[in-house]
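**Q** Structure below; questions to follow.
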Amino acid sequence: MDNMPWLTLLMVVPLLGSIAVAALPSRSSALARPIALGVALLTLVIGVVATATSFTRGSSEQFQMVEQHEWIPQLGVSYALGVDGIALALILMALVLMPICLLAAWDDVPEGGARHKGYFALLLLLLPFMVGVFAATDVFLFYVFFEAMLIPVYFLIGMYGGERRQAAAVKFLLFSLAGGLIMLVGVIALYLQGPGGSDGFLLENLTGLEIGGTTERWLFLAFFIAFAVKAPMWPVHTWLPDAATAARPAVATLLVGVLDKVGTFGMIRFCLQLFPEASQWATPVVITLAVISVLYGAILAIGQRDMMRLIAFTSISHFGFIVMGIFAFTSVSQAGSNLYMVNHGFATAALFLIAGMLVARRRSKRIDDYGGWQRTTPVLAGSFLVAGLAALSLPGLSTFVSEFLVIAGTWSRYPVATALAVWGVVLAAIYVLLMYKRIFTGPPPVIGTAEAQDAASSDADLPYIRNDIDEGRRPLRLAAAVPDLGLREKAVVAPIIAVLIVLGFFPGPVLETLNPAVERTLQIVGISDTTPSVPADAGSTSGSDH
Numbered sequence: 000m001d002n003m004p005w006l007t008l009l010m011v012v013p014l015l016g017s018i019a020v021a022a023l024p025s026r027s028s029a030l031a032r033p034i035a036l037g038v039a040l041l042t043l044v045i046g047v048v049a050t051a052t053s054f055t056r057g058s059s060e061q062f063q064m065v066e067q068h069e070w071i072p073q074l075g076v077s078y079a080l081g082v083d084g085i086a087l088a089l090i091l092m093a094l095v096l097m098p099i100c101l102l103a104a105w106d107d108v109p110e111g112g113a114r115h116k117g118y119f120a121l122l123l124l125l126l127p128f129m130v131g132v133f134a135a136t137d138v139f140l141f142y143v144f145f146e147a148m149l150i151p152v153y154f155l156i157g158m159y160g161g162e163r164r165q166a167a168a169v170k171f172l173l174f175s176l177a178g179g180l181i182m183l184v185g186v187i188a189l190y191l192q193g194p195g196g197s198d199g200f201l202l203e204n205l206t207g208l209e210i211g212g213t214t215e216r217w218l219f220l221a222f223f224i225a226f227a228v229k230a231p232m233w234p235v236h237t238w239l240p241d242a243a244t245a246a247r248p249a250v251a252t253l254l255v256g257v258l259d260k261v262g263t264f265g266m267i268r269f270c271l272q273l274f275p276e277a278s279q280w281a282t283p284v285v286i287t288l289a290v291i292s293v294l295y296g297a298i299l300a301i302g303q304r305d306m307m308r309l310i311a312f313t314s315i316s317h318f319g320f321i322v323m324g325i326f327a328f329t330s331v332s333q334a335g336s337n338l339y340m341v342n343h344g345f346a347t348a349a350l351f352l353i354a355g356m357l358v359a360r361r362r363s364k365r366i367d368d369y370g371g372w373q374r375t376t377p378v379l380a381g382s383f384l385v386a387g388l389a390a391l392s393l394p395g396l397s398t399f400v401s402e403f404l405v406i407a408g409t410w411s412r413y414p415v416a417t418a419l420a421v422w423g424v425v426l427a428a429i430y431v432l433l434m435y436k437r438i439f440t441g442p443p444p445v446i447g448t449a450e451a452q453d454a455a456s457s458d459a460d461l462p463y464i465r466n467d468i469d470e471g472r473r474p475l476r477l478a479a480a481v482p483d484l485g486l487r488e489k490a491v492v493a494p495i496i497a498v499l500i501v502l503g504f505f506p507g508p509v510l511e512t513l514n515p516a517v518e519r520t521l522q523i524v525g526i527s528d529t530t531p532s533v534p535a536d537a538g539s540t541s542g543s544d545h
């Protein structure tokens, strides 16, 4: 099965599934959900089989599952795919999260009509682009996937989001396009510096080029700005809170949990590999911006009244840790950052999706509209608590391992920056525990006046976006118990929490997959490691022992 084009198959199957869902006749639009879920599960099975049969951990080759064909030879563009441990881990994360998000989005749009099938077709369309952007080994092909991702996300926010969805979608698009166009200039300039020919955009042909210092720094900035926008880093982060707040919970999960990882992945794959000297030159500034992101995101999260916006700011803080570990240039910090990308994807999925379940019941995203929910929804409260504890990196949960590795690895080179960033851990405990306290403890749940309830219920298509239905109204005690998690919702939450716990105690297999790529990146950059590498058997003990 070595000649099987696994990566192409991982893109073609969901692409055909998306087309099939979109082509359903209106009278059969109810089939959109099961078809999309079935296609996503099939793609996940293909990904698992491909990993088991065609990927060798610890291989000396940079890329495996390699595919290469001429695409536009006149321009030097190839259809070239391949994965190392970093790309494979992110692809598998995306494959796992997609069926979970589809199941979570089951009732987002009422059955019947073009809106229903269009919503699930667009969700499924994200999957081939997510696989392609992590698997592309041709720089121009990577740029194509990088920009193509914007299309379904724009429509998912602009057409199916909540309040101010159109403004949020346009802001997301403008920020992403601006960063992408700057990167396009860098892509073209990089090609002109390379050997040219029919495969002049191949990553292997552009690695190790002798580029003048000033030129290399400009090219680095062109790529880094695009990735900083996508990551998102302060001060080009402002699109994220608006987009995550306006988007449906499943869309916000894929946006923050998977698509935004393209930013940090791109820093490793392209900035460090193609521009090693410029990466070292920019490190002090990047580390400074990363620390600002850590503290800024955490501080602003504490003051948020909208739970979705709060979760978005926590992600800005967490991405700061990831970037800091990448540019600390130690094997421990980089292994921690790569593991953090995977762990954050599942942790933020848990927060967004469980928060969406809250909002579906209360029809409000305002934290002040909740209180005492643990009495009537103990399973929901317990699930939210585990997700929140993962966000603050409690020992025994997956995010602790990665955050500890980032901090330990960065300390050896940048102790001052590390000491400042550690305050982000303290602030995380504040915003997570305060949010849990306000939502689940205290007086029993409340609802607004009858008029407010009628206003919320009348918007059946957008049941969760009414942030202000109780503004200026005196709340009333909840007469009937709020329902706890149903079977479908438990099926959404259970696998995510299982991953958070398993990777918290046994991160070794993932680290063993990531370590060769980490070591190769440091070799390309040309920096000798000052700290020991993460052992492959790191998962043999509990997460609290790391």
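With numbering that gives the first Met the number 0, letter number 487 in the sequence shown gets 486, and the count goes up by one each step, no holes. Just so it is clear, CB atoms sit at the ideal spot from N, CA and C, and this is done for glycine as well. Quantities reported herein were computed from a predicted structural model and do not represent experimental measurements.
#1: Could you give the distance in angstroms between the alpha-carbon of V76 and the alpha-carbon of I187?
#2: Check whether the region 292-301 and the region 311-321 touch, using three or more Cβ-Cβ pairs below 8 Å as the test.
#3: By the three-class DSSP mapping on this structure, what secondary structure does Q303 have?
#4: Would the beta-carbon of S235 fall within 8 Å of that of F145?
#5: Given a threshold of 16 other Cβ atoms within 10 Å of its Cβ, counted over all protein chains shown, does I495 qualify as buried or as exposed?
#6: Looking at V524 and F312, is the spacing between their C-beta atoms short of 8 Å?
#7: Looking at the unbroken beta strand (DSSP E) that takes in E69, where does it start and where does it end?
#8: Tell me where the beta strand (DSSP E) around S77 begins and ends.
#9: With a threshold of 8 Å on Cβ separation, who are the neighbours of L218 within its own chain once the five nearest residues in sequence on each side are excluded?
#10: List the endpoints of the continuous alpha helix (DSSP H) containing R437.
#11: Quick one, are the C-beta atoms of V130 and Y118 less than 8 Å apart?
#12: DSSP state of D137, grouped into three classes?
#13: Name the DSSP bridge partner or partners of R365?
#14: Cα separation between L419 and G199?
#15: Report buried or exposed for N204, applying the criterion of at least 16 other Cβ atoms within 10 angstroms of its Cβ.
#16: Taking C-alpha atoms, which residue in V255, G207, I224, G112 lies nearest to A31?
#17: With a cut-off of 8 Å on the beta carbons, I'd call R361 and A245 a contact; round off their distance for me.
#18: Secondary structure at L484, three-state DSSP: helix, strand or coil?
#19: Does DSSP classify L391 as helix, strand or coil?
#20: By Cβ distance below 7 Å, which residues in the same chain neighbour D83 in space, the five residues on each side in sequence not counted?
#21: Beta-carbon separation of A230 and M307 under 8 Å?
#22: Tell me which residues share the same chain as A354 and place their Cβ nearer than 7 Å to its Cβ, disregarding the 5 neighbours each side in the sequence.
#23: Output the boundary residues of the alpha helix (DSSP H) element that contains A242.
#24: For L201, which beta-bridge partners are listed by DSSP?
#25: G370 to D106, Cα distance in whole Å?
#26: Provide the residue span of the alpha helix (DSSP H) that contains G160, from first to last.
#27: Return yes when the Cβ of A346 is within less than 8 Å of the Cβ of A386, no when it is not.
#28: Kindly indicate which three-state DSSP category D467 falls into: helix, strand or coil?
#29: Between which two residues does the alpha helix (DSSP H) holding P13 run?
#30: Which residues bound the alpha helix (DSSP H) around E511?
#31: What are the boundary residues of the alpha helix (DSSP H) that S397 is part of?
#32: State the DSSP-derived secondary structure class of N2, mapped to helix, strand or coil.
#33: Using only the alpha-carbon positions, how far apart do T440 and R374 sit?
#34: Following the continuous alpha helix (DSSP H) through I557, name the residue where it begins and the one where it ends.
#35: Judging by CA-CA distance, which residue of A79, V285, L253, A493 is the nearest neighbour of H546?
**A** Let's see:
#1: 11 Å
#2: yes
#3: coil
#4: According to the sequence displayed, residue 235 carries Val and not Ser. No, the Cβ-Cβ distance between V235 and F145 is not below 8 Å.
#5: buried
#6: no
#7: 63-71
#8: 76-82
#9: G185, A188, L189, Q192, I210, L273, F274, A277
#10: 422-439
#11: no
#12: strand
#13: D305
#14: 43 Å
#15: buried
#16: G112
#17: The Cβ separation is near 18 Å, so there is no contact.
#18: coil
#19: coil
#20: Q61, F62, A516
#21: no
#22: P248, M306, M307, I310
#23: 238-245
#24: D137
#25: 25 Å
#26: No alpha helix (DSSP H) holds G160; DSSP gives it neither H nor E.
#27: yes
#28: Note that D467 scores 38 on pLDDT, short of 50, meaning its location in the model is unreliable; the coordinates nonetheless yield the value given after this. It is coil, neither helix nor strand.
#29: 5-21
#30: 507-524
#31: 397-410
#32: coil
#33: 8 Å
#34: Residue 557 lies beyond the stretch modelled for the chain, which goes from 0 to 545, so this question has no answer here.
#35: The structure shown does not extend to residue 546, since the chain is modelled only from 0 through 545, so no value can be given for it.
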